[in-house]
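For reference, the structure discussed in these notes is given below.
Numbering (full-length UniProt numbering), first residue to last: 1 to 116.
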């Protein structure tokens, strides 16, 4: 049980993912790397707000920035997401097993099976 606690994703990851604007940014960055200005336009946020959200994502290790001429281009760093996915795997199996059992139960009790 202790292993699950110690291997859980960092609190910074959870905090960063809790905000819908940051999740939207990750979605856009998943498609391809983008400059701050492009994220500002796509998300309809102010430049300072976008930069603050990107800082939180960067500090959580979810994105990395690289300089490109006079601008910074952000891209997803998959390492923390891989760790999060590994941590969620046992729960995903639990959900899948529960949903499979529900599906079997619904099929057993389907009133349409008895009607011609």
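Heads up, the beta-carbon is just placed ideally off N, CA and C, and yes, glycines get one too.
The distance from the Cβ of residue 59 to that of residue 33 is about 18 Å, inconsistent with a contact at the 8 Å cut-off. CA-to-CA, the gap between residue 26 and residue 90 works out to about 24 Å. Three or more Cβ pairs drawn from the region 59 to 72 and the region 10 to 26 lie within less than 8 Å of each other, which places the two stretches in contact. Cβ contact annotation for residue 14 (same chain, cutoff 7 Å, sequence separation greater than five): none. Residue 71 counts as exposed, since fewer than 16 other C-beta atoms from the protein chains shown sit within 10 angstroms of its C-beta. Secondary structure remark: continuous beta strand (DSSP E) runs of at least 3 residues inside the UniProt domain "HTH arsR-type" (2 to 96), in chain order: 63 to 68 and 71 to 76.
The beta carbons of residue 22 and residue 45 sit no closer together than 7 Å. Per the coordinates, the alpha-carbon of residue 107 lies some 12 Å from the alpha-carbon of residue 99.
In this structure, residue 39 lies near residue 50, with their beta-carbon atoms less than 7 Å apart. At least 7 Å separates the beta-carbon of residue 95 from that of residue 9.
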